[in-house]
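If you use full-length UniProt numbering, the sequence shown closes out at 221, no skipped numbers anywhere. All residues carry an ideal CB built from backbone N, CA and C; glycine is no exception. Just below is one structure, and these are the notes that go with it.
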Amino acid sequence: TIDIALWKFESPKYFFTVIDAPGHRDFIKNMITGTSQADCAILVVASGVGEFEAGISKEGQTREHALLAFTLGVKQMIVAINKMDDSSVMYGQARYEEIKAEVTTYLKKVGYKPAKIPFVPISGWEGDNMIDRSSNMPWYKGPFLLEALDLLNAPKRPSDKPLRLPLQDVYKIGGIGTVPVGRVETGVIKPGMVATFGPVGLSTEVKSVEMHHESLAEAVP
1 TIDIALWKFE SPKYFFTVID APGHRDFIKN MITGTSQADC AILVVASGVG
51 EFEAGISKEG QTREHALLAF TLGVKQMIVA INKMDDSSVM YGQARYEEIK
101 AEVTTYLKKV GYKPAKIPFV PISGWEGDNM IDRSSNMPWY KGPFLLEALD
151 LLNAPKRPSD KPLRLPLQDV YKIGGIGTVP VGRVETGVIK PGMVATFGPV
201 GLSTEVKSVE MHHESLAEAV P
């Protein structure tokens, strides 16, 4: 991943927009753009021997991403310990506990409260503990990933306050016009209303509102 990528899905409780942020240090600016819009971070940690150690080292991206997430105000986190199917791990509880202990120590230093963070052992490749409980890790008694997402607290974003929509990007699309992209933090935006861009004070009429390529009558926080 170079730029952030967006996707959507629904759980039994919530409608989610996934912001896939780049992991490579060369694209940290794009990672910040994505993370700054998030209500929760899923910190994906590779469990493979050598791979985890590289990520959690002082030069590793695991540390930097966790610190940036906290600094950018993302206070809810899920840690997904991935690649539990790796030949060096073989769904082992000992490796899971080792990684959990080390990540817990670092997250506490950053400012998170690890007692409130689920550490979910998963295999994205095999689908273990993603949308249902895995029989390969009977020792794990916590929530699987989809359950952990439904345990999150929905943020309070009032729709009765003035419109605030920080811009992520602006596209010029032939035949359509200028398309600003961002997330509604407060207020409501809908076709026909006039919105003002700060700090220049430029006002314009909203022609249409879309989310994930679907037209909306209005967009709320």
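Have a look at residue 115 and residue 5 and give me their C-alpha separation to the nearest angstrom.
Taking the sequence shown and counting its residues from 1, the one referred to as residue 115 is at position 115. Taking the sequence shown and counting its residues from 1, the one referred to as residue 5 is at position 5. One Cα belongs to residue 115, the other to residue 5, and the distance between them is close to 30 angstroms.
Return the chain-ordered list of same chain residues with a C-beta closer than 6 angstroms to the C-beta of residue 217, the five sequence neighbours on each side being excluded.
Residue numbering aside, residue 217 sits at position 217 when the sequence shown is read from its first letter. Answer for residue 217: no residue qualifies.
Please report how far the alpha carbon of residue 60 lies from the alpha carbon of residue 44, in whole angstroms.
Sequence index remark: in the sequence shown, residue 60 carries index 60 (1-based). Sequence index remark: in the sequence shown, residue 44 carries index 44 (1-based). Rounded to whole angstroms, residue 60 to residue 44 spans 13 angstroms at the Cα level.
Please list, in chain order, all residues of the same chain as residue 179 whose beta carbon is under 8 angstroms from its beta carbon, the five residues on each side excluded.
Residue numbering aside, residue 179 sits at position 179 when the sequence shown is read from its first letter. Counting only Cβ-Cβ distances below 8 angstroms, and skipping sequence neighbours, we find 170, 171, 172, 173.
Using the Cα positions of residue 109 and residue 47, report the straight-line distance between them to the nearest angstrom.
Against the sequence shown, residue 109 aligns to sequence position 109. Against the sequence shown, residue 47 aligns to sequence position 47. When rounded, the separation of the alpha-carbon atoms in residue 109 and residue 47 is 21 angstroms.
CB contact flag (residue 128, residue 86, <8 angstroms)
Counting from one through the sequence shown, the residue named residue 128 turns up at place 128. Counting from one through the sequence shown, the residue named residue 86 turns up at place 86. Going by C-beta atoms, residue 128 is not nearer than 8 angstroms to residue 86.
Is there contact between the segment 125-139 and the segment 150-164, where contact requires at least three CB pairs shorter than 8 angstroms?
no
Among residues of its own chain, excluding the 5 on either side of residue 41, which ones have a beta-carbon nearer than 6 angstroms to its beta-carbon?
Counted from its first residue, the sequence shown places residue 41 at position 41. Hits under 6 angstroms: 69, 74, 77.
For residue 94 and residue 1, the rounded distance between their alpha carbons
Locating residue 1 in the sequence shown gives position 1, where the first residue counts as 1. Locating residue 94 in the sequence shown gives position 94, where the first residue counts as 1. The predicted model places residue 1 with a pLDDT of 48, which falls under 50 and marks its position as unreliable, so this point remains unresolved.
Alpha carbon of residue 139 to alpha carbon of residue 50, nearest angstrom:
As a working note, residue 139 is residue 139 in the sequence shown. As a working note, residue 50 is residue 50 in the sequence shown. Residue 139 and residue 50 have their C-alpha atoms roughly 24 angstroms apart.
Beta strand (DSSP E) segments (min. 3 residues) lying fully within the segment 96-180
119-121, 167-173
In three-state DSSP terms, what is residue 202?
Locating residue 202 in the sequence shown gives position 202, where the first residue counts as 1. In the displayed model, residue 202 falls within a strand according to three-state DSSP.
I'd like the list of long-range same chain contacts for residue 142, defined as Cβ closer than 6 angstroms, with 5 residues on each side in sequence excluded.
For this step, residue 142 is matched to residue 142 along the sequence shown. Its chain contains 118 as the residues whose beta carbon lies nearer than 6 angstroms to that of residue 142, once the 5 sequence neighbours on both sides are disregarded; these appear in chain order.
What does a CB cutoff of less than 7 angstroms around residue 104 pick up in its chain, not counting 5 residues either side in sequence?
If you number the sequence shown from 1, residue 104 lands on position 104. Same-chain partners within the cutoff: 114.
Going by Cα to Cα distance, which pick from 65, 166, 90 is closest to residue 181?
As a working mapping, residue 181 is identified with position 181 in the sequence shown. Nearest C-alpha to residue 181: 166.
Who are the Cβ neighbours of residue 246 in its own chain at under 6 angstroms, not counting the five residues just before and after it?
Here the chain has residues from 1 to 221 only, and residue 246 is not among them.
Which value, in whole angstroms, describes the spacing of the CA atoms of residue 11 and residue 58?
Along the sequence shown, one-based indexing puts residue 11 at 11. Along the sequence shown, one-based indexing puts residue 58 at 58. Roughly 36 angstroms separates the two Cα atoms.
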